[in-house]
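This report concerns only the one structure given below.
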Amino acid sequence: MENFSRNKEEYQPKMLVFACNWCSYAGADMAGVSRLQMPPNCRVVRVMCSARVGPEMVLSALFKGMDAVLVLGCHPGDCHYSEGNYYTRRRALVLEKMLDLLGIAKERFQVRWVSAAEGERFARTIREVVDQVTSLGPNPIDTSLESLDRKWQKSENSKSEARNSKQIQMTKIKNSKQKTK
693 MENFSRNKEE
703 YQPKMLVFAC
713 NWCSYAGADM
723 AGVSRLQMPP
733 NCRVVRVMCS
743 ARVGPEMVLS
753 ALFKGMDAVL
763 VLGCHPGDCH
773 YSEGNYYTRR
783 RALVLEKMLD
793 LLGIAKERFQ
803 VRWVSAAEGE
813 RFARTIREVV
823 DQVTSLGPNP
833 IDTSLESLDR
843 KWQKSENSKS
853 EARNSKQIQM
863 TKIKNSKQKT
873 K
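Per this note's numbering, the sequence shown starts with residue 693, numbered consecutively.
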């Protein structure tokens, strides 16, 4: 469904990473302390638990121009809040179906598990997802100001046409009533 024609070398996907405070964010720290290379176009946001990342947050990020969203949580069974990552996994399945209905590739939203001691795994996961999204190309959701302006103009034009059509109908009704008198 998605189309990508620009030079892939100049394209660098923007990715938002939601990382669990107790495991994955510590894994990000470990990757940084170990000086592991990661793409510069990723923003990591610390959340208390991966279960705190709702579908509205993921959709909002995608609709505001992010090329991908990655949710990183504790390994199943290791959640600081007991069952948070199980909720995350269930929500992810539903969200993937929603994205499919919207025509957005499922690779643009991923959930992975990274513990505090897995700095290398954190960096590798980020690189893998960036590589997958790079092959997809830019986010197909057009949120540019020009596009939004065109959509607004189109909406205003159709409202204006509806008003004009209604006025014409009212005029015809008035004229027909006057003729019958």
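Where a beta carbon is used, it is the ideal one built from N, C-alpha and C, also for glycine.
From what residue to what residue does the alpha helix (DSSP H) around Val822 run? 811-828
Supposed contact pair Arg782 and Val803 - C-beta distance, whole angstroms, cut 8 Å: The Cβ separation is near 10 Å, so there is no contact.
Using only CA atoms, which one of Cys734, Ser807, Phe755 lies nearest to Ala718? Ser807
According to DSSP, is Gln859 part of a helix, a strand, or is it coil? helix
If you draw a straight line from the alpha carbon of Thr817 to that of Pro832, how long is it in whole angstroms? 23 Å
Minimum C-alpha distance to Lys798 - residue among Phe814, Gln824, Ala711, Glu810: Gln824
Local Cβ density within 10 Å of Asp792, reported as buried at 16 or more and exposed below that: exposed
Mapping DSSP to helix, strand and coil, what is Leu728? coil
Assign Arg698 to one of two classes, buried (16 or more other C-beta atoms within 10 Å of its C-beta) or exposed (fewer than that). With a pLDDT of 48 at Arg698, under the threshold of 50, the modelled position of this residue cannot be trusted, and the question is left open.
Is it the case that the region 706-718 contacts the region 731-747, given that we only count it when at least three CB pairs across the two stretches are under 8 Å? yes
Whole alpha helix (DSSP H) elements within the region 716-787, 4-residue minimum: 716-725, 747-755
Rounded separation between Leu728 and Met758 - CA only: 23 Å
Suppose you measure from the CA of Ile796 to the CA of Lys789; what does that come to, to the nearest Å? 10 Å
Rounded to whole angstroms, what is the Cα-Cα separation between Asn695 and Ser850? Only weak support exists for where Asn695 lies, its pLDDT of 47 falling under 50; the value from the coordinates is given anyway. Roughly 29 Å separates the two Cα atoms.
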